[in-house]
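In my numbering, the protein residues as written are -14 to 102.
By construction, the Cβ of each residue, glycine as well, lies at the ideal position given by its N, Cα and C atoms.
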C-alpha cells in the first residue's frame, strides 16, 4: 500500500495522484477519486472509522429527483423531504418543468419559487 504512516487519507490520495500523473497525461477514469476513496476506506483504519462515525444526512437525496415533475398537490412527502434533507439532486440530462401538461404546479416549480413549506 502506498499510504505513509501519519499521512492519513490526504497523504494517500496525494501520493497516488503524484505517482499517477508522473507517468500519465490523461485521467483513466472520471471516477478515479471515488476509487481512491474506496481504497482509503478499505485500507486506512482511521479513515474508515471517521466515515463510519458520520451521521446519516439527506436520506431522500435521490428520492426527490424522481418526483420533481409530478404535480405538487399529488406529492404528499414534500414537507418530509424538505425537513430531512439539506440538498436535493438534479440531473443535467433531465428537463424539469414548473408546470405539468395540465398546467398544475410541479414539485420543481414549487421548490424553484422558494415558497415556504
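Minimum C-alpha distance to residue i - residue among the options
i: residue 21; options: 82, 80, -6, 98; result: -6
i: residue 85; options: 78, 77, 79, 94; result: 94
i: residue 72; options: 33, 10, 96, 32; result: 96
i: residue 77; options: 10, 50, 65, 98; result: 50
8 Å contact criterion, which residue i and residue j should meet: CB distance rounded
i: residue 27; j: residue 58; result: That belief does not hold up - the Cβ atoms of residue 27 and residue 58 are roughly 46 Å apart, past 8 Å.
i: residue 44; j: residue 69; result: 6 Å
i: residue 120; j: residue 82; result: As shown, the chain starts at -14 and ends at 102. That puts residue 120 outside it, with no answer to give.
i: residue -3; j: residue 25; result: 6 Å
Backbone CA spacing between residue i and residue j [nearest angstrom]
i: residue 15; j: residue 7; result: 18 Å
i: residue 36; j: residue 18; result: 16 Å
i: residue 32; j: residue 4; result: 21 Å
i: residue 13; j: residue 63; result: 40 Å
i: residue 38; j: residue 23; result: 16 Å
i: residue 61; j: residue 53; result: 12 Å
i: residue 42; j: residue 34; result: 17 Å
i: residue 87; j: residue 80; result: 17 Å
Helix, strand or coil at residue i according to DSSP, with G and I counted as helix
i: residue 33; result: helix
i: residue 55; result: coil
i: residue 91; result: strand
i: residue 84; result: strand
i: residue 48; result: coil
i: residue 26; result: helix
i: residue 7; result: helix
Cutoff 8 Å; reference residue i; Cβ partners in own chain excluding five residues on either side
i: residue 47; result: 74
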